[in-house]
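**Student:**
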Amino acid sequence: MPWAIAVSFLVGAICAVRLPVLLFTLIVALVVVVFGVIGHGLGNSLATVAVWAIIYAAALEAGYLFVHWLFYLFYVKRTAQKTKQASPKIRSKYSAE
Numbered sequence: 004m005p006w007a008i009a010v011s012f013l014v015g016a017i018c019a020v021r022l023p024v025l026l027f028t029l030i031v032a033l034v035v036v037v038f039g040v041i042g043h044g045l046g047n048s049l050a051t052v053a054v055w056a057i058i059y060a061a062a063l064e065a066g067y068l069f070v071h072w073l074f075y076l077f078y079v080k081r082t083a084q085k086t087k088q089a090s091p092k093i094r095s096k097y098s099a100e
């Protein structure tokens, strides 16, 4: 099962690159429902199926959020640092007093 959690994390990370959050949410819901039906059909208890469905959904969401956090670090923070460094170079024609 750990490999399935890792795959879920990677799928969530890949989906974060180009998939809007609403479509990703629908995919996660579909994965949970399909896993629940297949797991219950294989004879697992409803509690076990529910717990594993939540774990897989959490892994998908964690991958999605991880990539968005990386995007935040690379794009937003880097842009903020560039604008902060550029501001002392700008000279105003008005005095600071």
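To convert a position in the sequence shown, counted from 1, into our numbering, add 3. We put the CB at the ideal spot given by N, CA and C, even for glycine. Nothing here was measured: the structure is a model prediction, and the numbers come from that model.
Let me know the secondary structure DSSP gives Pro23 once reduced to three states.
**Tutor:** The count along the sequence shown starts at 1 and reaches residue 23 at position 20. The answer is coil: DSSP assigns Pro23 none of H, G, I, E or B.
**Student:** Whole angstroms are fine: how far does the CA of Leu22 sit from the CA of Phe12?
**Tutor:** On the sequence shown, residue 12 is found 9 positions in, with the first residue counted as 1. On the sequence shown, residue 22 is found 19 positions in, with the first residue counted as 1. So the alpha carbons of these two residues sit roughly 15 Å apart.
**Student:** Given a threshold of 16 other Cβ atoms within 10 Å of its Cβ, counted over all protein chains shown, does Val79 qualify as buried or as exposed?
**Tutor:** Along the sequence shown, read from residue 1 onward, the residue named residue 79 stands at position 76. So Val79 counts as exposed.
**Student:** Would you kindly work out how many angstroms separate the C-alpha atoms of Gly46 and Leu76, rounded to a whole number?
**Tutor:** Locating residue 46 in the sequence shown gives position 43, counting from the first residue. Locating residue 76 in the sequence shown gives position 73, counting from the first residue. Whole-angstrom Cα-Cα distance: 45 Å.
**Student:** Give the secondary structure of Tyr75 by DSSP, where H, G and I count as helix, E and B as strand, and everything else as coil.
**Tutor:** For the purposes of this step, residue 75 is taken as the residue at position 72 of the sequence shown. Helix.
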